[in-house]
Every structure is written in structure tokens, then in C-alpha cells.
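Asks:
Residue numbers (our numbering): 28 to 208.
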């Protein structure tokens, strides 16, 4: 377990991991994520995001980047205690690609087609560390605020039709990818 004397370093590692979500590559995640790390927020993400270690964290970043351009996090505050670091942040970006959520089997559950709108929402990210690397992540996010800013809620009839078409496309694409394996 890391001591309190290491907390400034752990905070810097946590911040680097958030920055890597916006524009990092596998090497950036290897530098901050433990091989056994788990992202507890990945339940609605593609199956590749639900694994452990740097590659799973990179998969989450790629999934987010596929839906949101100009993705960025601003860190407002941090707190650290022993092996735990908490970051209070704002996530912002522009919705330029379909945002797809997944069911427990890893199949597309819902697709939200691009609106082109910008958003900025608050999030609190929690990181647990082992050997100076992130071993666990979870977050509290303002998903409802984000949905309102992006025009997902309340959905217009036209947007509901676009969602149905986008969901159908995502499911077809998924079935085709599975068939190729």
C-alpha cells in the first residue's frame, strides 16, 4: 500500500490517466494502469473495455473518442488518502459520432446518433492504487445532464427515429463483426 507521502505522485498518476482518456495511446495507459486494473464503470461499454489492465482502459478511451471529438477533462479538485485518489472534474466535448451502449453480452443495446452539440458535465473519479499504478476506477457522473445537453432527453420524434436507425446499424455491424471471427 502506498503511504500518504506518495499521495502527490498518485494524484499526478490519476490526472495522467484522465488526460490519456482524451488523447493517450497504449503506452500512456501502461505507464499508469496496473495489469490487473479494473474499470468498474465498464458494464455498459464494449466487451474489450470490461477486461483488466491498460488495454481495457485504452478500449474505453477509444469507445469514448468514437462518439465525442474535442474530448477533454478539467480537474477542479483532488483528494488523496493512502491508496485512494479522488478527482473532481468536468468532462467536455462534441457529440460527433454515435454513442453506443452495450448489454451484458456485449451486444449494442442503444445507439445515440451524433447531434453535433457540445457538452460539459461534472464527474468525480475514484482511483485505488497498488504499486503506484491504478488498480481500480469508478466514477460518479452527471449522465442526465449530459443527455439533456446533447438533446437526447427529452427526445424529439425525429431523434427517436434516428436512434432506432442508429441502433439497428450498430447491431448489424456487431453481428457482421462476430460472424467474421
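Don't be surprised by glycine CBs; every beta carbon is placed ideally from N, CA and C.
1. Among residues of its own chain, excluding the 5 on either side of residue 193, which ones have a beta-carbon nearer than 6 Å to its beta-carbon?
2. Whole angstroms are fine: how far does the CA of residue 108 sit from the CA of residue 199?
3. Do you know how far the Cα of residue 78 is from the Cα of residue 150?
4. Would you decide whether residue 159 is buried or exposed? Buried here means 16 or more other CB atoms lie within 10 Å of its CB.
5. Near residue 106, which residues of its chain fall below 8 Å by C-beta distance, leaving aside the five closest residues on each side in sequence?
6. What is the C-beta distance between residue 57 and residue 81, in whole angstroms, given that I count them as a contact (C-beta under 8 Å)?
7. Below 8 Å on the Cβ atoms is my guess for residue 110 versus residue 155; work out the distance and round it to an integer in Å.
8. Any chance you could list the beta strand (DSSP E) runs of at least 3 consecutive residues sitting entirely within the region 42 to 91, in chain order?
9. Report the residue from 190, 97 and 165 whose alpha carbon sits nearest the alpha carbon of residue 144.
10. Would you mind working out which of 202, 115 and 122 sits nearest residue 174, comparing C-alpha positions?
11. Just curious, the alpha helix (DSSP H) that residue 169 is in, first and last residue?
12. May I ask you to report which of helix, strand or coil DSSP gives residue 184?
13. Between the alpha carbons of residue 68 and residue 52, how many angstroms are there, rounded?
14. Could you check the C-alpha separation between residue 187 and residue 197 for me, to the nearest Å?
15. If you draw a straight line from the alpha carbon of residue 148 to that of residue 50, how long is it in whole angstroms?
16. Looking only at its chain, what residues have a beta carbon closer than 6 Å to the beta carbon of residue 40, apart from the 5 residues adjacent to it on each side?
17. Considering only C-alpha positions, which residue in the set 36, 64 and 87 is nearest to residue 129?
18. Give the list of continuous beta strand (DSSP E) stretches no shorter than 3 residues that lie fully inside the region 94 to 160.
Replies: In terms of the structure at hand:
1. Once the five neighbours on either side are set aside, the close Cβ partners of residue 193 are 125, 138 and 140.
2. Answer to the nearest angstrom: the Cα atoms are 46 Å apart.
3. Whole-angstrom Cα-Cα distance: 22 Å.
4. exposed
5. 112 and 113
6. 5 Å
7. 6 Å
8. 60 to 66
9. 97
10. 122
11. Residue 169 -> no alpha helix (DSSP H), and no H or E assigned at all.
12. In this structure, DSSP gives residue 184 a helical state, which the three-state scheme calls helix.
13. 20 Å
14. 15 Å
15. 19 Å
16. Correct list, in chain order: 59.
17. 87
18. 95 to 108, 111 to 122, 126 to 129, 135 to 139 and 145 to 157
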